[in-house]
Structures are given as C-alpha cells and as structure tokens.
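What follows is a short report on a single structure.
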Amino acid sequence: MILGFTLLQFYRKPIFAHKKELKVTQILDQLNEEQRSAVKATEGPVMVVAGAGSGKTRVLTYRIAYLLENGVDPFNILALTFTNKAAREMKERVARLVGPEARNVWMGTFHSVFARILRSDGHLLGYPSNFTIYDTDDSKSLIRTIVKELQLDKKVYTANTVLGRISSSKNNLINAQGYNNDDEITTADKAAGRPFTGKIYALYEKRLFQYKAMDFDDLLFKTNILLRDFPEILHKYQHKFHYILVDEYQDTNYSQYLIVKKLAANNENICVVGDDAQSIYAFRGANIANILNFKHDYPEVKLFKLEQNYRSTQNIVNAANGIIANNKEQIQKVVWTENSTGHKIPVIRTSTDSEEGRMIAGDIFETRMNEHCANKDFAILYRTNAQSRALEEALRKQNIPYRIYGGLSFYQRKEIKDLLAYFRLIINHNDEEALFRIINFPARGIGKTSQQKISIKAQEHDVTAWEVINHPHQYGLELGASVATRLHQFKTMIAGFASQLHKKNAYDLAKHIAATTGMIRTLNEDKTPEGISRFENLEELLNAINEFTNKAAAEGEEDKPRSLDIFMQDVALLTDQDNEDKNDTDKVSLMTVHAAKGLEFPFVYIVGLEENLFPSMQSLNTRADLEEERRLFYVALTRAEKKATLSYAETRYKWGNLIMSEGSRFLEEINEEYIDSNRMYNTSASAKNTPRHQGDRRGDTSSYKKIGGGTPDSSKFKKASALKKDTASYPDISADDIRPGVLVSHQRFGSGKVLHIEGEGPNKKATIFFKDAGEKNLLLKFARLKIIK
DNA sequence: GGACGTTCTGTTTTT
DNA sequence: CAGAACGTCC
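Put into structure tokens, the structure is as follows:
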C-alpha cells in the first residue's frame, strides 16, 4: 500500500539528526548579490519577489540560518509555509545549516501553527485543547445533515456549493451573523436560488462549536478572533515572534494576511517571499492583491527581485515567460537564465489516454537509457487526480516504479476514517460526526431510526448526542429494550477506552480499540481484493501509530507523551502525503500541478493538455480564472530542469464515458520557436487519418463532447455476458481490445449510437452498438460487438 | 429495525 | 467510479 509508507516515514525520519555542515559566512558566498542582500536585510519589512527557480527556498533557509548565527533565539522565529512538504524541507535544510537548534524555530504550515496556538489558547474562545479538526469530508457531511434537517433541496444546496460559500466567508472573516446581515451576500444567495444558505451557515457554525470542532478555515478564522479579542494573547505572540517569514505569500488569503500583519505589527520584522506569477490558489481564497499591495502596508519595505533562474534551460524559461505574458495582472519582472538553450519542447499527440500513458512510459524508458538517469528524475504532472489511472497502468506495464502524490489521501479512506472516528470520539465526546459514523459500525444493532431519535433529543434539549446517550432517561429517549442495552454497551465501551487514554500508550490503545470494536474482525472477513487492501490499510495505520509511539527513544524525547490524543493532533493536518524519503526510493513521481509547486525534476511531462481539461472547463468562463490556469501551466513548465514534454489525447475515458477533445489553447500560446518541430505523433493509423481540428476553437466549449460509452472494467464485464458471448465467437478480437481501441467515428443509429472502434492488432476493427442510448449509463452490458473488417 | 441490492448523481486544484 | 439515497425483503 503505497500511501501507507509515506505515513510511516513521516514518523521514522529523524530530521534533526543532521550535523552542521558549513559556517553561515561560508554559505553566504554561494549566493548571488541580490539573494545575499535579501538574506542580510533582517530588520524591517522585506519583500522578495522570486521568479521560478530563482533560489527562493535557499534565501528563506539561509535567512533563518543567518538570524540564528547572529544570536537570534530560535524561539523568536516564525516561518510559515503552505504545505507540510515545504515546511519539512525547510526544517531539514535549516537543520543542515545550523544543527539541532533549528528544531526550536516555529516552522510549519499556516494551519498547523495556528492549530498549535489554538490548542494552547483556544480555551479563551470556549474550545478545549483537544478540539477536533474537521477535514473537508467531515464538513460536507455535516452540511448534508443540516440541509436534510432543514428539509431543503439537496440538489440546490449541494454540500460543495454551500461549503464554498461558507469557506470564502470565513476566509474574509465574515461569521454567520455577519453573513446574514450582509445585504450584498444575501441578495446574491437569493438571486442564485439559495436563500437559505445563511441559515445553513448559522447552524453549521453552531454545531461545530457544540462538537468542539474546527474546520480548516476555522483554524485561521478563530486565530483571528483570538488575536482580535484578547490583546494579551496578541502581545504574547508579538513578543515571541520577533522575526516572521512567510513563504508563497502570493497564496495567502485575507484571513492569513491579517494574522501575519497583526503578529508583525510590533516590530515589522517581516519577510515575505512570493511570486505573483505562481499564484494558483485563488479558488480557495488566495488574494494576489496581498503581494501586489505589500508596499502600501509597509511603505518602508525593502524589495528584492530574484530574477535569475538557476533551474531550467533557456527554452523552458522562455516558453514559460511567453505563456505568462498573455496575462494582464502581474508584477513586471524578467526571469532569465544563464543555463544552456536545452531541448525544445516536444508535443505528443495521442488518440487515447491509455496511449498517452504508453507513449510517456516509453519515452521515460528511452530517456532513462540515453541520459543515464534515475526514475526519480522524472515527474508526470496532470491537472486532475483522476488522470493518474491511465498513466499508472502504462508505467506498470513497462515496469517503471512510480509514486503517486495526493489523490485520495490515506486518511480519507473509509476504513481509516472509521478507526480514526473511534479515536476522535474517545478524545472528544462531543464530536458527533465521529459518533454517528461509528455508532453502528461494525453493525451492533443501533440503526438509523434509533440514531435519529438520539439526534432529535439532543437538539430538543440543546445538548450533545453523547450526553443523551449517557443519560437516556433524563432526556426522555425512548428505545426498545434491546436497543437500549446495546446503546448502553456502546457507551460503556467508549467510556472504557477513554479512561485508558493516558494510561496506555497510543499503539496499545489503538490496537485494543481496533480489536475490541470488531473493526479488525470485520475487515478481515472480507476477502475480496478491495477488502484485503482495506485490511492492510488498517494494519498500516496501526504500524504508523506504533512508529509514533516508539519514536521517543529515537529522537531523545522520552519525556514527550506518546498517547493517542497526541498522535491525533499530528495526524489531523497531515492530509497530504508528502513525506517522500528521497534516500531509499527511486521512483517516477506522479502528481497534480498544484502538488508540484516548489519541486523540481530534470524531466517533466505535462499531460492532458486538452481544451477543457487543462485549462479546465470552468476556468474558461472568466478571464481571471483563465489567467490562473495560465499561471498553473507556468508552474508546471518551470518544474523542469532539462526537458519538458507536453502531451494530449484526443479521446479519454472520464467518469466512465468516452470524451473527445482537442489540444489545449496553451499549446498554441507557446511560441513556435521553443517547440520541437519534430513533434512526436503517435503512429497509429487513426491518428494519421483523423484530420486535426483546425477551426477557431477559442471559447468553443462544445468541442468537448461526451459521446457515451462505458469503461470496460472487469466488474462490468462479468455482468456483460452478452458481450462476452459475442466476442467469444471472434477469436481475433477480445473485449479488452475495446479500451485501447481507437475511436474512428460515431453516429446516431435510431435511438442508439454506433461507435466504430479500432482495436490494436491487425484486422481488429469492431463496431459497438449501444442498444440503450440514454445520455448516461451507457453500459457495455447493453452493447453488442461486431467485427466489421 | 437492519441488511442488502439497485439507482442516481456529481464530477478541479488543497490545508 | 464511488458514495449516497432509495427500495425490498427478512
């Protein structure tokens, strides 16, 4: 289980074990003049505008090292990043420069640092230190519950939309009351046909507080409230953090911006580093204006521009600059490089997504041979996580080891969330999402109806469900005798676990819980491949907890408590599995472009450059979104050191449907001179025969057509007996030929559709006729296969 | 009341 | 495709 390892490594790696390598005075010599000036300007506000590959992280880490070397107490430094990965890398690099004292610098993501502050001072806002952090799934689930309770139409009030509204409000420091009092907002909601969004927000806010839970946005929002309403706390942290550094400043939202501003207000020793051209998180509230307006906030600011790129070849830098030049909003700067011209950018055009995978796997194989490089020198970047499937398949076939970053996080898996829900409930009895998640899992005879009764009583008396379960009579909970007994047993079990929380270490307690609740048994009974994998995941989690428990000895932190609640604090924000151990892995990296920010690879493939995929369908609606999409492409390109390769597929399976598409506009926005004129085309007959769509497709979203079809995955095929029979009589063609097959044409046929699909081998041309032509659910079980050639 | 099977729906990026 | 919702049966 790939995802599991990463979790393990996080706890295994003794990151502060490094010995100091160099004196800071020595390392300063390694910097260019601008970088060195940025490092040395320790006092007062500083902004570093750092182009891609210009040594931004270097400046940040050296700056911290420089501060420490000049006698600044590590406890007085705060360094904020966006991802765990970035924080980790910075920690490692600083530790390498200055040795173990680096551990005392507060370095972490905005969310983790503020969570830490809230755990220590959140009691002033009425939160216990063991409050639960709700991830997006928890939040959505709570919203769905509320929508149901309010008897609203869940199709109108989808969890995504509602959470999006709430989230952006929180990021602009608007609470539910403010939301409902704001005419502009409520009018907009009414206009959108969702007049009750504010009501949902109010209930959502109330419930979270009742559950003693915070969602991701709350970690920022509540920190703001804390610093606003409790001056003594503000002073405490202002006094503590003499020096503040912020990475990726262009991605801060208003909420983050304000916290940083407040913390820095005392002595203004604030250094922000960023690149407006790499702002790719506007969708979650990032405000590019924060970096554009930094000068207004701090008129005394010293500005440094790092414009020399040390990473990429001239071709890549120039191509990337050309893309971004299409944008209107940007800080003027010229990113340049002294590196060699390098390869021109090849564009691979394929007919299907699986062929795209094959071509890239083949190219990796070849390049690895020719250039004598390792797997880890390659990265494949895509716009959406779903695109990884076809690539994985191709890499597996070529025996190229790979690692996927992101996607469905280990912690989002059902079996993991289930076990974690037990932990959550034990630590925080108010956590109702957790409670109802596991009250009847594994099944113990407390069904939906009983759960609803509990829920209703809790609301009637404005207490938590746990309170009702503890005193059923007091709240008039009426259940059948047997259900009442089972509920009592459940309560006793949870309470029993809770009493062990600080008696047993995390591993022993976790193991005890997994066994006692029947989770282990239930999962072990399922012998399907998925079931086995679920069981393994559970084991993986337990292993990770074991590592966590044993870590004390390894890192000389014997005094640190190793109880389950401490583990859960760490885990809550570890939502991306970014804990690559570079030393023992040699794998090709697969990830989204977003996840690739801050990384670099000698060889980078950017795949799925299709109109409506990259740039994404929704980004085509507004100029701002399209500009962000361009910046995203800019980020992707500039990850490459030696060579960037682009690719797109003309047809692709998406949500079980075959999708037709054309090359992305970005392919045409790159200046011809940087593109490899020997564009690599696939060699299949169809690609040669199919004329390239040359029409003006700017803004033409209709080119992205769903033409029906079904993914012939194994489970569907078992049911598709009709198809099997048909194919069985044609030894020349197998059902498997359909998927890698090339779409030749499609046409209406009565109420159905006919797809002409060409198989891979010689004489493998087939027609699939769909009997059922409903727009959706075109499953192969309704299909019949005919050899037409 | 609860287990189990079928149908429907939403589909970007992340802390 | 996966998860939720709905329907059916014991």
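Under our numbering, think of the first position of the first sequence as 1, with each following residue one higher.
Ideal Cβ positions, reconstructed from N, Cα and C, are used throughout, including at glycine.
Collapsed DSSP secondary structure at residue i in the structure displayed
{"i": "isoleucine 446", "result": "coil"}
{"i": "serine 279", "result": "coil"}
{"i": "phenylalanine 230", "result": "coil"}
{"i": "glycine 274", "result": "strand"}
{"i": "isoleucine 494", "result": "helix"}
{"i": "leucine 245", "result": "strand"}
{"i": "valine 301", "result": "coil"}
{"i": "threonine 352", "result": "strand"}
{"i": "alanine 549", "result": "The residue asked about is misnamed: residue 549 is threonine in this sequence, not alanine. It is helical."}
{"i": "tyrosine 405", "result": "coil"}
{"i": "valine 98", "result": "helix"}
{"i": "isoleucine 316", "result": "helix"}
{"i": "threonine 223", "result": "helix"}
{"i": "alanine 325", "result": "coil"}
{"i": "arginine 358", "result": "helix"}
{"i": "alanine 265", "result": "coil"}
{"i": "glutamate 89", "result": "helix"}
{"i": "threonine 516", "result": "helix"}
{"i": "leucine 31", "result": "coil"}
{"i": "arginine 58", "result": "helix"}
{"i": "arginine 424", "result": "helix"}
{"i": "asparagine 537", "result": "helix"}
Close beta carbons around residue i, own chain, < 7 Å, minus the five adjacent residues each side
{"i": "tyrosine 298", "result": "Pro45 and Glu268"}
{"i": "phenylalanine 567", "result": "Ala506, Ile545 and Phe548"}
{"i": "valine 468", "result": "Ile454, Lys457, Ala458, Tyr475 and Leu477"}
{"i": "isoleucine 185", "result": "Tyr179"}
{"i": "alanine 823", "result": "A question about residue 823 goes unanswered here, because the residues of the chain that appear run from 1 up to 789."}
When the options are compared against residue i, the one with the closest alpha-carbon
{"i": "glutamate 611", "options": "Phe75, Gly53 and Asn621", "result": "Asn621"}
{"i": "alanine 38", "options": "Lys302, Ala421, Ser533 and Lys491", "result": "Lys302"}
{"i": "arginine 562", "options": "Ser54, Lys503, Ala596 and Ala514", "result": "Lys503"}
{"i": "arginine 413", "options": "Tyr605, Phe535, Glu627 and Arg284", "result": "Phe535"}
{"i": "aspartate 153", "options": "Arg194, Ile117 and Tyr134", "result": "Arg194"}
{"i": "isoleucine 143", "options": "Gly122, Ser167 and Trp106", "result": "Ser167"}
{"i": "aspartate 247", "options": "Pro100, Leu220, Ile323 and Gly55", "result": "Gly55"}
{"i": "alanine 798", "options": "Arg93, Thr651 and Gly198", "result": "Limits of the chain in this structure are 1 at one end and 789 at the other, which puts residue 798 out of reach."}
{"i": "tyrosine 792", "options": "Leu509, Ala191, Lys262 and Glu669", "result": "Outside the displayed span of the chain (1 to 789) sits residue 792, for which this structure offers no information."}
{"i": "asparagine 430", "options": "Gln489, Ala498, Ile400 and Glu392", "result": "Ala498"}
{"i": "glycine 598", "options": "Thr57, Leu118, Ser388 and Glu43", "result": "Thr57"}
{"i": "leucine 435", "options": "Arg486, Glu392, Lys491 and Ile404", "result": "Lys491"}
Beta bridge counterpart(s) of residue i as assigned by DSSP
{"i": "asparagine 309", "result": "Thr337"}
{"i": "alanine 50", "result": "Leu306"}
{"i": "valine 347", "result": "Leu646"}
{"i": "asparagine 253", "result": "Ala286"}
{"i": "isoleucine 439", "result": "For isoleucine 439, which the question treats as bridged, DSSP gives no partner whatsoever."}
{"i": "alanine 79", "result": "Met107 and Leu245"}
{"i": "isoleucine 469", "result": "According to DSSP, isoleucine 469 bridges with nothing at all."}
{"i": "isoleucine 675", "result": "Ile345"}
6 Å Cβ shell around residue i - same chain, five flanking residues per side excluded
{"i": "alanine 320", "result": "Tyr634, Leu637 and Thr638"}
{"i": "isoleucine 520", "result": "Ala514"}
{"i": "alanine 644", "result": "Ile316, Ile345, Val604 and Leu637"}
{"i": "arginine 437", "result": "Ala421"}
{"i": "aspartate 700", "result": "Residue placement at aspartate 700 is poorly supported in this model, since its pLDDT is 26, which falls under 50; the coordinates still yield a value, given next. The answer is none, since no qualifying residue turns up."}
{"i": "valine 105", "result": "Pro74 and Ile77"}
{"i": "cysteine 271", "result": "Val46 and Leu245"}
{"i": "tyrosine 66", "result": "Val24 and Val39"}
{"i": "valine 72", "result": "none"}
{"i": "tyrosine 201", "result": "Ile166, Ala176 and Tyr179"}
Cut-off 8 Å between Cβ atoms - residues of its own chain near residue i, not counting five sequence neighbours on either side
{"i": "aspartate 182", "result": "Ile174"}
{"i": "threonine 464", "result": "Gln210, Tyr211, His429, Asn430, Glu432 and Ala458"}
{"i": "histidine 512", "result": "Phe497, Gln500 and Lys504"}
{"i": "aspartate 276", "result": "Val49, Gln250, Ile288, Ile291, Leu292, Glu329, Gln330 and Ile331"}
{"i": "leucine 220", "result": "Phe110, His111, Phe114, Lys170, Asn171, Asn253, Ser255, Gln256 and Ile259"}
{"i": "isoleucine 324", "result": "Ala277, Gln330, Arg630, Arg631 and Tyr634"}
For this session: With a floor of 3 residues, list each beta strand (DSSP E) that falls wholly inside the stretch 585 to 671, ordered by position along the chain.
Result: The qualifying runs are 588 to 592, 601 to 606, 640 to 654 and 657 to 660.
For this session: Within the stretch 105 to 186, note down every full alpha helix (DSSP H) run reaching 4 residues or more, in order along the chain.
Result: Entirely contained in the stretch 105 to 186, the alpha helix (DSSP H) runs reaching 4 residues are, in chain order, 110 to 121, 136 to 149, 159 to 171 and 176 to 181.
Exercise. Which whole runs of the beta strand (DSSP E) in the stretch 189 to 216 are 3 residues long or more, in chain order?
Worked result: Within the stretch 189 to 216, complete beta strand (DSSP E) segments of at least 3 residues are found at 213 to 215, given in chain order.
For this session: Return the chain-ordered ranges of every beta strand (DSSP E) run that is complete within the stretch 365 to 414 and spans a minimum of 3 residues.
Result: With a minimum length of 3 residues, the continuous beta strand (DSSP E) runs that stay inside the stretch 365 to 414 are 378 to 382 and 402 to 404.
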